[in-house]
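Accompanying notes for the structure given below.
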Amino acid sequence: VISNGAFCFLDRVPSLVFLIISYATQGEMTKAISTGFDALAKLGISFPPSAGTLTIIRDAMKTKTKLRGKTNEKLKQLPLMTDESKIAAMQMLKLIYGCCYIARKDLLPLVIFRMVRLSLKHGANHISALAFVMYG
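Here the working numbering runs 325 ahead of the position in the sequence shown, where the first position is 1.
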């Protein structure tokens, strides 16, 4: 109902953030994660249906390859993230991370890897620091 007047999907993001937080505070982590993943798909960020060992290893290698040669100094010099859809995706990923920590620990690495790769490709924002810390 809140997002009925939205002109584009990005206009719906604040209401979706509120919905995810609402689900999480009610202890409905699975609904929160599902809502977040649906939103991320509309923002161009896809997740595999299952988070098996091979999927995690593949994603880890992809992320490690993107980080190759990047020193802490180079990471500090990343440009600012300006694409509103990528900023919204980072916000969704941060919310989902907390829910996954409680309900779907198997998804945690995938969420972190996506946050790191988004930051490397599209620039850094305030959530990027959290992503790099969680990555290690």
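A virtual CB, placed ideally from N, CA and C, is assigned to each residue, including glycine.
Pairwise C-alpha distance: residue j and residue i
i	j	result
Val458	Ile452	10 Å
Leu400	Tyr426	26 Å
Ala376	Asp431	6 Å
Phe362	Glu353	14 Å
Val326	Thr396	Reliability of the predicted coordinates at Val326 is poor, the pLDDT of 49 falling under 50, and the value obtained from them is presented with this limitation in mind. About 46 Å.
Thr390	Asp408	23 Å
Val342	Ser410	14 Å
Contact belief for residue i with residue j at Cβ below 8 Å, rounded distance in angstroms
i	j	result
Ala413	Leu368	6 Å
Gly394	Ala349	Not confirmed; about 37 Å, so no contact.
Thr388	Phe438	4 Å
Delimiting residues of the alpha helix (DSSP H) encompassing residue i
i	result
Gln416	Glu409 to Ala428
Arg337	Phe334 to Thr350
Candidates the options: closest to residue i by CA position
i	options	result
Arg442	Ala385, Ala357, Met354 and Pro373	Ala385
Thr378	Ala456, Tyr460 and Leu435	Leu435
Proximity below 8 Å, CB of residue i to CB of residue j
i	j	result
Met417	His447	no
Ile370	Ala357	no
Ala454	Leu403	no
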